[in-house]
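Undergrad: Got a structure for you, questions after.
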Amino acid sequence: MDCVFKAWGYVPKHRLCRKCEPLEGIFRSLGYDKKEKSKAISRIFKAYTMIKADDVLRDETSGVKKATAKLVKKLSRLSATEELKLMVDKADRIVRDLEASSVDAEEYVSEISVIGGKVFQTSTGDAEAYNIGQTLSAATTIHDMTTDLERDRRKGRFNPLKDVPPERLRSTITDLLTLFMGDPLLPYGGPQTSVFSQQVSVVSGDFWGTCIGVCTGICSALALYECCCR
Numbered sequence: 020m021d022c023v024f025k026a027w028g029y030v031p032k033h034r035l036c037r038k039c040e041p042l043e044g045i046f047r048s049l050g051y052d053k054k055e056k057s058k059a060i061s062r063i064f065k066a067y068t069m070i071k072a073d074d075v076l077r078d079e080t081s082g083v084k085k086a087t088a089k090l091v092k093k094l095s096r097l098s099a100t101e102e103l104k105l106m107v108d109k110a111d112r113i114v115r116d117l118e119a120s121s122v123d124a125e126e127y128v129s130e131i132s133v134i135g136g137k138v139f140q141t142s143t144g145d146a147e148a149y150n151i152g153q154t155l156s157a158a159t160t161i162h163d164m165t166t167d168l169e170r171d172r173r174k175g176r177f178n179p180l181k182d183v184p185p186e187r188l189r190s191t192i193t194d195l196l197t198l199f200m201g202d203p204l205l206p207y208g209g210p211q212t213s214v215f216s217q218q219v220s221v222v223s224g225d226f227w228g229t230c231i232g233v234c235t236g237i238c239s240a241l242a243l244y245e246c247c248c249r
């Protein structure tokens with residue numbers, strides 16, 4: 020679960036996520052004051068820390084990564100609200116069920132994006148934040164599916180793109196971007212469309228060698244930042 024803001028250089032990759040300028044800008048555009056922004060971002064980070072730990076625990080059978088994930092999750096839960104903990108536990112069950120089924124990429128991204136929307140809404144208590152979380156989660160999920168595909172194939176892990184024929188990979192990813200990045204929160208056709216076109220055009224026959232990160236969700240995350248935060 021890579022940060023889509025870091026993946027495309029809007030936030031330095033080495034920066035600790037104690038302060039997220041893109042999210043601050045988004046919440047500022049929704050009218051949040053400094054205290055409300057800080058509280059919302061803190062809860063979102065806590066939720067996603069637990070969700071990311073669960074992601075590692077599902078993939079790793081043993082070793083340092085699994086032990087670290089267990090510790091991180093345990094520490095994060097100490098200060099999380101009961102509502103947030105219940106939601107994260109439910110999210111883990113949903114993802115486990117999805118990964119045990121023959122779900123396709125579209126349905127998988129759809130289900131995960133709903134979880135992201137609920138994380139944002141629960142963390143902020145604001146219905147308007149749902150669409151933001153939904154879009155960013157879709158972006159993150161498409162990015163993870165893409166960048167992890169070769170590794171998931173080698174290790175026999177779940178990835179809804181594994182069964183997509185190579186000749187259909189580009190069109191499948193394009194369809195996912197088109198479907199999930201057209202968030203109603205973003206009536207800004209210009210930046211969103213131009214970024215989308217730029218990234219899709221990069222994909223060629225040598226997909227992995229050319230731009231393995233084409234689906235980091237730049238179509239949503241960066242459009243959100245450009246249109247809401249500047």
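All residue numbers for the sequence shown refer to the numbering used here, where the first residue is 20 and numbers rise by one.
For each residue, glycine too, the CB sits at the ideal point set by N, CA and C.
Less than 7 Å separating the beta-carbons of Ser142 and Ala72?
TA: no
Undergrad: Looking at Val75 and Lys17, is the spacing between their C-beta atoms short of 7 Å?
TA: Absent from the model: residue 17. The displayed extent of the chain is 20 to 249, so no value can be given.
Undergrad: Quick one: Cα of Arg112 to Cα of Thr87, how far?
TA: 21 Å
Undergrad: If we ignore side chains and look at the alpha-carbon of each, how far apart do Gly208 and Ser81 end up?
TA: Here Gly208 scores only 31 on pLDDT, less than 50, and its place in the model is too uncertain to base an answer on.
Undergrad: Determine the DSSP secondary structure at Ser48, reduced to helix, strand or coil.
TA: helix
Undergrad: Give the straight-line distance between the Cα atoms of Glu147 and Gln140, rounded to the nearest whole angstrom.
TA: 7 Å
Undergrad: What alpha helix (DSSP H) runs, 4 residues minimum, are completely inside the segment 65-111?
TA: 83-97
Undergrad: Is the CB-CB distance between Lys104 and Arg96 below 7 Å?
TA: yes
Undergrad: With 16 as the cutoff for other CB atoms within 10 Å, does Gly136 come out buried or exposed?
TA: buried
Undergrad: With a cut-off of 8 Å on the beta carbons, I'd call Ile192 and Thr165 a contact; round off their distance for me.
TA: Ile192 to Thr165, Cβ: 7 Å. Contact.
Undergrad: For Glu125 and Ile131, what's the separation of their Cα atoms in angstroms?
TA: 10 Å
Undergrad: Does the Cβ of Leu94 have 16 or more other Cβ atoms within 10 Å, making it buried, or fewer, making it exposed?
TA: It is exposed - the Cβ of Leu94 has fewer than 16 other Cβ atoms within 10 Å.
Undergrad: In chain order, what residues of the same chain have a beta carbon less than 6 Å from the beta carbon of Ser156, not counting five sequence neighbours either side?
TA: Ile131, Ser132, Gly135
Undergrad: Check this for me: beta carbons of Ala66 and Val114, under 7 Å apart or not?
TA: Taking C-beta atoms as the reference points, Ala66 and Val114 fail to come closer than 7 Å.
Undergrad: Taking Phe64 as the reference, which of Asp52, Val107, Ile161 has the closest Cα?
TA: Val107
Undergrad: Could you check how far apart the C-beta atoms of Ile45 and Ile161 are, in whole angstroms? I think they sit under 8 Å.
TA: About 19 Å separates the two Cβ atoms, so there is no contact after all.
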